[in-house]
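Asker: Below: one structure in structure tokens.
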Amino acid sequence: GWCHNYSFLFFHFLFPVISLTFCLVLTPPTISTPNFQNCTELNDDCVMNNSVEPGAVGKEHTYGPSQPNILPTIYVITPTYSRPVQKAELTRLANTLLHVPNLHWIIVEDSINKTLLVSRFLQGIGLNYTHLNVKTTRRVRRAKVHLVPRGMAQRNLGLRWLRDTFGHSAADHHGVVYFGDDDNTYSLELFEEMRSTRKVSVWPVAFVGGLRYESPKVNKMGKVYGWKTKFSPRRPFAIDMAGFAVNLQLILSKPQAYFKLKGVKTGHLESKLLAELVTLSDLEPKAANCKKVTSFPPRPCSRAQQCLHDRARI
């Protein structure tokens, strides 16, 4: 009778239509990301036509226009390389970053290929991330102390990714760029303070240059006028990598600003980069006018620890 006809109609016609509609509603949209390829080596200013391979970008992140009621995104660029304590240090840093809202972690391996360890680690941490890789050139790896330290090619690739990703619609994206090393320790207060950076914000850094801390000198008007440091105090910007953040718009508007991979002494790379972005009067002191320490690089390790560290690089 009619019940049999209704059942036939439902299972052969209506059920497939309902199922298809249900799948379309629940299936998340595919996020289009730049079609990047792995980099093996970069030139001095990281301006080769490189790209990031598909799947390197964390699935939680979208690239829609920023909204006025949304916090500016903090982009943390972190170089990393294979060593016995790599996963432990990445885990510690990730546990800090998980407490920071609206943050995107750009992690760049010093490797020809992305390693399984870092790939699996990133997939399970719950952070918005981008996973890149570029191998430090043999010339840089074997460089003496007066040449370029490790991590610079990786930071440059992070800058390149930001410009390739957001440069075509710079006005729609608001954020702050910070170079956070994987072996450093950070106060959560630091990230909330840097979020309001208009050009370049600065603050003290502990355990640098043989001092308990290095710091910008700030006058009563709240302006930076010099530097508390022992190492090369005449540098225009005598500051550690962990001691400043840059507005994303400034990074996008100055495409020539990279860390130079030759012709610059160790300890002067930060100063050279900042000199291409701002003047001393543009600096914005944070951390209670640079009276508080919120960034802690690792203290000098023992000889045994250094031996273990060096073996991991061979």
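In the UniProt record's numbering, the protein residues as written are 1 to 314. Cβ coordinates follow ideal geometry from the N, Cα and C atoms, glycine included.
Can you check whether the CB of L162 is closer than 8 Å to the CB of L248?
Answerer: As a first step, residue 248 is located in the sequence shown; it is residue number 248 there, counting from the start. As a first step, residue 162 is located in the sequence shown; it is residue number 162 there, counting from the start. Going by C-beta atoms, L248 is nearer than 8 Å to L162.
Asker: Name the DSSP bridge partner or partners of W105?
Answerer: Mapped onto the sequence shown, residue 105 falls at position 105. Answer by DSSP bridge pairing, in chain order: V76 and Y129.
Asker: Using only alpha-carbon positions, find the residue among L157, N156, E192 and G126 that is nearest to L71.
Answerer: Here the question's residue 71 lines up with position 71 in the sequence shown. Answer by Cα proximity: E192.
Asker: Does the beta-carbon of N128 have 16 or more other beta-carbons within 10 angstroms, so that it is buried, or is it exposed?
Answerer: Against the sequence shown, residue 128 aligns to sequence position 128. Answer is buried; the Cβ neighbour count reaches 16.
Asker: Within the chosen definition, does the segment 219 to 231 reach the segment 277 to 284 through at least 3 CB pairs nearer than 8 Å?
Answerer: Yes, since at least three Cβ pairs between the segment 219 to 231 and the segment 277 to 284 fall closer than 8 Å, the two stretches touch.
Asker: With the cut-off set at 8 Å, would you say L122 and I106 are in Cβ contact?
Answerer: Residue mapping note: residue 122 aligns to position 122 of the sequence shown, counting from 1. Residue mapping note: residue 106 aligns to position 106 of the sequence shown, counting from 1. Not closer than 8 Å, so no.
Asker: Would you mind giving the Cβ-Cβ distance between residue 379 and I239, rounded to the nearest angstrom? I have them listed as a contact below 8 Å.
Answerer: Because the chain spans 1 through 314 in this model, residue 379 falls outside it and cannot be assessed.
Asker: Compute the Euclidean distance between the alpha carbons of V134 and L90, then round it to the nearest angstrom.
Answerer: Looking up residue 134 in the sequence shown gives position 134. Looking up residue 90 in the sequence shown gives position 90. One C-alpha to the other measures close to 18 Å.
Asker: What three-state label does DSSP hand T185 in the structure shown?
Answerer: Within the sequence shown, residue 185 is the residue found at index 185, counting from 1. Strand, per DSSP.
Asker: Can you tell which of I251, K114 and V293 has the C-alpha that lies nearest to the C-alpha of G167?
Answerer: Start at 1 with the first residue of the sequence shown, and residue 167 comes out as number 167. Of the listed residues, the one whose Cα sits closest to G167 is I251.
Asker: Since N247 sits in a beta bridge, which residues does DSSP pair it with?
Answerer: Here the question's residue 247 lines up with position 247 in the sequence shown. N247 pairs with V176.
Asker: Is it buried or exposed, R160, if we count other Cβ atoms within 10 angstroms and call 16 or more buried?
Answerer: Counting from 1 along the sequence shown, the entry for residue 160 is found at position 160. Per the 10 Å Cβ criterion, buried.
Asker: Taking the alpha-carbon of I125 as reference, which of L98, T294 and L188 has the nearest alpha-carbon?
Answerer: By 1-based counting over the sequence shown, the position of residue 125 is 125. Per the Cα distances, L98.
Asker: Counting along the chain, where does the alpha helix (DSSP H) carrying K199 start and finish?
Answerer: The count along the sequence shown starts at 1 and reaches residue 199 at position 199. Element bounds for K199: n/a, residue is neither H nor E.
Asker: Please report the straight-line C-alpha distance between L42 and A257, rounded to a whole angstrom.
Answerer: For the purposes of this step, residue 42 is taken as residue 42 along the sequence shown, with counting starting at 1. For the purposes of this step, residue 257 is taken as residue 257 along the sequence shown, with counting starting at 1. Caution applies to L42, whose pLDDT of 46 falls short of 50 and renders its modelled position unreliable; the model cannot decide the point.
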